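Sequential numbering of the sequence shown, starting at 4, is according to our numbering.
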Amino acid sequence: MAHLFFAASIQRHIETPEREVDAHSVGEAFDTVFGEQPRLRGYILDDQGALRKHLSVFIDGQPIRDRQHLSDVLGDASRVYVVQALTGG
């Protein structure tokens, strides 16, 4: 099962402890978490279901490629990190 982590900066807004999820894609993993914590959906996804611009998701240290449909594949031992993206100049 994949292991899902939410950064402390996200947990300040909505408590999201790390957890293991039985999912084959990032979207499936998020759906599992949203089923338990529906308020988190609006913070993570926009109105079209895409990842919000102020967030980044990494699978085993690599950024996801599909921010629109969240179809990036997860392995049984994948580690998924959801963090706020750094902005500024």
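Note that CB positions come from ideal geometry on N, CA and C, so glycine has one too.
Given the structure is predicted, the values throughout are model-derived calculations rather than measurements.
Where the beta strand (DSSP E) through residue i begins and ends
i, result
"Arg44", "From DSSP, Arg44 is part of no beta strand (DSSP E) but of the alpha helix (DSSP H) over 42-47."
Residue i versus residue j: straight-line alpha-carbon distance, rounded
i, j, result
"Asp69", "Asp75", "6 Å"
"Lys56", "Ser81", "23 Å"
"Ser12", "Glu31", "23 Å"
"Val29", "Val86", "14 Å"
"Pro41", "Ser59", "20 Å"
6 Å CB neighbourhood of residue i in its chain, flanking five on each side removed
i, result
"Asp25", "Met4"
Supposed contact pair residue j and residue i - C-beta distance, whole angstroms, cut 8 Å
i, j, result
"Leu73", "Leu54", "7 Å"
"Tyr84", "Phe61", "5 Å"
Span of the alpha helix (DSSP H), counted from its first residue to its last, around residue i
i, result
"Ser12", "11-14"
DSSP-derived helix/strand/coil call for residue i
i, result
"Glu21", "coil"
"Ala32", "helix"
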